[in-house]
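0 is the number of the first residue of the sequence shown in numbering that gives the first Met the number 0; add one for each residue after it. Glycine included, each C-beta is placed from N, C-alpha and C at the ideal position. Remember, it's a predicted structure, so these values are computed and weren't measured experimentally. Reading through the structure tokens given below for one structure.
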Amino acid sequence: MCVCICEILVTLLDTRTVPGELKWAANPAEGGWEEVSIMDEKNIPIRTYQVCNVLEPSQNNWLRTDWIPRSGAQRVYVEVKFTLRDCNSLPGVTGTCKETFNLYYHESNDDKESYIKESSFIKVDTVAADESFTQVDVGDRIMKLNTEVRDVKVTTRKGFYLAFQDVGACIALVSVRVFYKTCPLTVRNLATFPDTVTGADTSSLVEVRGSCVNQSEEREEPKMYCGADGEWLVPIGGCLCKPGYEEEGGACKACSAGFYKSKASDPGCFKCPPHSRSLRDGANVCDCHTGFFRADADPPSMACTQPPSAPQQLISVVNETSVVLEWAPPRRLGGRSDISYSLECLIYSASSNQLCLPCGSDVHFSPDQIGLQTTRVVVSKLRAHTHYSFIVHARNGVSQVSGAGASQSASVSLTTNQAAPSPVSSIQLTDVTRHSLSLAWQQPDRPNGVILEYEVKFYEKDQRERSYRIMRTFLRSVDVAGLNPLTVYVFHVRARTAAGYGEYSAPFEFSTNSDPFPLIGEGVNSAFLLLSVSGVGILLLISAAVFIISRRRSKYSKTKQDAEEEKHLNPGVKIYVDPFTYEDPDQAIHEFAKEIDVTNIHIERVIGIGEFGEVCSGRLRAQGKREIYVAIKSLKAGYSDKQRRDFLSEASIMGQFDHPNIIRLEGVVTRCKPLMIITEYMENGSLDAFLRKHDGQFTVIQLVGMLRGIASGMKYLSDMSYVHRDLAARNILVNSNLVCKVSDFGLSRVLEDDPEAAYTTRIPIRWTAPEAISYRKFTTASDVWSYGIVMWEVVSYGERPYWDMNNQDVIKAIEEGYRLPAPMDCPVVLHQLMLDCWERERADRPSFSQILNMLDKLIRNPGTLRRTGGERYIIHINTYRCKQAYTEITLQEMDRLGIITPSHQDILIASVQQEMLSQMQHMQHSMVPV
């Protein structure tokens, strides 16, 4: 709403309205200004002052007004209406007649000054007439009335005096009006701005804060500026009508009955949604009709709804100790789409006074027991020959607030069939000899009938079930004879009832020994035992000697870093198993990763977007363990089988690693959607972003400590014959204790799935070794090259390797011998280690074990980290083989120019010398000390 904001003039003095005589002070009191009465244009008598001493030279006639209170004004305006005689119409006054007068003012707190002190007055202006009159004009009653307005700044006293100085004119002051300007009371954007006196200067703006009108609230602080001309300028902010009120005519009016407004930001009142009403004015929400409800999360604009009716056509299909329950949706959904189902399971107990008791926690519901969106559930792990009741509840968003949610249900009763027994939970070894093993076990947790016999399947571990034997027994123990000495055997046991065999138990491994006499039992020959022990000791000494000799002969050789060769060098180390070698990907994920119950996961917030879906942080509370913070990767809906396999493959890889500098896998969720990978939570995120955020805030020792942790993790991976292929600071995560952990094991999958596409689109050129770029030869040595780039990233606090060079320029520069220079303040030993990692021949690069030893020595001897390169300059270099690129070169390095091949050495020297000369002359842009 916009209203008139024209200026308002507040009059302080108007001689036309003063009754009686003015009696202003005049100097001289006689012969100067004279007060007379005349008739104005409307024949109304007014008091005026006039003077006409034009025949006498050096006139100085003063006329002073009474004291004028300024009433808060900072700039006043003086409007003078006067007439003035033309000097040319007066004979004999040449040199003494004037056609101007002077206007003065004097600020004062005192209204009792009785005389004029000319020296205290300040001149405002010399006033001249636009038009003058002659004697003929007076005779004809044609008087030329002049109007002049002057502004005066009055800010230091309570009031002021005005004075008029005549210096020899024939003049009459017809009227004097003194006024000031104000910006008037106005309403803008539902904020009231009061009358405001303008500022002291002609260009000043007075800031005024508005106040919200009744029934409104501040949206943004309302402000306007009062200009020197009395107009409002630059409206800022404003107010909004409160809930239940809408704007009308610059005010806030209550919503009528049957309408509502829930938020101040709403544009106006709305009609009540279906099944609701408002019976009073000013409603901010409409109340639901009887029998209709609104959930806490429902917006006020949503119609009131009802709980659903009961599910329809509930049927059950029993299969031994499992049952399939299916039903149709309720006939009436209550006007909502957020319907869900939950199951209640009751078991008949003949031994209890209560007919039905809740089922135990061992009963399994698939996909779930509560919060179901589907109308089909499979219930398994029930007891055989047992009577159950199942109740299906239908609920929606208002079931709880209506109090009727529990009654919207359907039920079915059934009896399970005969079933095979559950698996045997554990097997114990009771006796062992060179050729026999004695085993015992407990009855299955759920026999589901009378156990008729047990079946024992066993085989040599190395045979992997290709050749196995079976024994049967009526007892819960068995003696297995005819075994090979010093051999590991795998055993499975299953039970049989009248319903058939149950499932085999999990595998249990036991080994025979080398002693011809039993280790458990009696009858050991002491002499033979002594001889056997001596023989074993000699055998161990020979084995140790062979091991030491072989270790010395197989000491680190840089030409043997392929995965297969490392397996022979480290026969005792756990070797990485590629999950893609499994025919069934679920077998790999369940072998290497632990399944987590989704109810133990609490997602708190989204922290990023991954390749397959969202990445969240949350908490994991495993049974019997303390709650921990975790990161949660989820697979977005609509995935293909290949995407599912690729998503879970990273967990299958991570699950094989156990090292303090490798990201820890907590488990996976595969039995419900969405699929999830749960890892430990790293508070400080990726290393590159963390370093950029804390640029220059760490000591060299702290940076070396970070590098040491990364090297330790990579040594562990290389010992397992795993090649990372994507080692970069962005793939290193940092926790709250500044521990760095290697993560992101997905690139190997990409390269193996689609090597052509990976080479052209996915390979990280700036971090990848030359042989991996040219021949796709990824080894631990190529990971060492990448580690050197990571070292450079860490010491430069997250700088981008090779700066703004494109990938093709990077490849070309590396082929020609270019290597990244030392970052600012980088210790010489660290840059030398980087250069060692960037050797062209991969056989000449150090191993991660050697890198780790080097960093440990530096940490133990921090003095070696103090020496850095000389003063550095950023020099703009342009050769015919390279695009313009900024390259750091130390003054010491310029002698040897090791970063460019000899064929370009002369060109580079000339280019650098010319560039340095030019830059030292201009002292700008290209040569800047860093």
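The beta-carbon distance between residue 223 and residue 207, rounded to whole angstroms, is 6 Å. This is short enough to meet the 8 Å contact definition.
The stretch 634-651 and the stretch 588-596 touch, with no fewer than 3 CB-CB distances between them shorter than 8 Å.
Judged by DSSP secondary structure, residue 855 falls within the alpha helix (DSSP H) whose first and last residues are 847-859. Counting every other CB atom within 10 Å of its CB across the protein chains shown gives residue 457 a total of 16 or more, marking it as buried.
Taking C-beta separations shorter than 8 Å and ignoring five residues to either side along the sequence, the partners of residue 355 in its chain run 345, 346, 347, 348 and 388, following chain order.
In this structure, the straight-line span from the alpha carbon of residue 295 to that of residue 205 is close to 48 Å. Proximity to residue 395 across 455, 341 and 807 peaks at 341, based on C-alpha coordinates.
C-alpha of residue 701 to C-alpha of residue 689: approximately 14 Å in a straight line. Contiguous beta strand (DSSP E) elements confined to the stretch 134-186 occur at 145-152, 158-165 and 169-182, taking only those with 3 or more residues.
For the pair residue 331 and residue 308, the CB atoms are nearer than the 7 Å cut-off. DSSP places residue 709 within a helical segment (H, G or I) once states are collapsed to three.
Taking all protein chains in view, the Cβ of residue 714 is crowded by 16 or more other Cβ atoms within 10 Å, so the residue is classified as buried. Excluding the 5 residues flanking it on each side, residue 202 has same chain C-beta neighbours closer than 7 Å at 227, in chain order. One Cα belongs to residue 399, the other to residue 719, and the distance between them is close to 55 Å. Beta-carbon to beta-carbon, residue 62 and residue 25 are separated by about 5 Å, close enough to satisfy the 8 Å threshold. Boundaries of the alpha helix (DSSP H) around residue 584: 584-591. Taking residue 88 as reference, the option from 81, 31, 133 and 119 with the minimal CA-CA separation is 133. Between residue 160 and residue 9, the C-beta spacing is not below 7 Å.
When the five nearest sequence neighbours on each side are left out, the beta carbons in the same chain lying within less than 8 Å of the beta carbon of residue 200 are those of 74, 152 and 227, in order along the chain. Restricted to the stretch 50-78, the beta strand (DSSP E) segments that are unbroken, complete and at least 3 residues in length are 60-63, listed in chain order.
When C-beta atoms of the stretch 625-636 are compared with those of the stretch 677-689, three or more pairs fall below 8 Å, so the two segments count as touching. Counting the other CB atoms within 10 Å of its CB gives residue 665 a total of 16 or more, which places it among the buried residues. Around residue 409, the same chain offers 309, 310, 313 and 391 as residues with beta carbons nearer than 6 Å, after the five sequence neighbours per side are excluded. Nearest to residue 234 by alpha-carbon distance, out of 240, 220 and 495, is 220.
Taking all protein chains in view, the Cβ of residue 790 is crowded by 16 or more other Cβ atoms within 10 Å, so the residue is classified as buried.
Shown here, residue 311 sits in a strand according to DSSP, grouped into three states. Taking the CA atoms as reference points, residue 215 sits about 29 Å from residue 274. Here residue 712 is not near residue 667, since their CB atoms are 7 Å or more apart. For residue 468, the enclosing beta strand (DSSP E) starts and ends at 468-472. Sequence-distant Cβ neighbours of residue 838 in its own chain, meaning closer than 7 Å and more than five residues away, are 844. In the three-state DSSP reduction, residue 238 falls in the strand class (E or B). Taking 8 Å as the upper bound for CB-CB distance, residue 490 and residue 507 are in contact here, some 5 Å apart. DSSP places residue 427 inside the beta strand (DSSP E), whose first and last residues are 426-431.
In this structure the stretch 279-289 does not touch the stretch 368-384; the number of beta carbon pairs closer than 8 Å is below three. Residue pairing from DSSP places residue 478 in a beta bridge opposite 437. Classified as exposed, residue 30 has fewer than 16 neighbouring CB atoms from the shown chains inside 10 Å of its CB.
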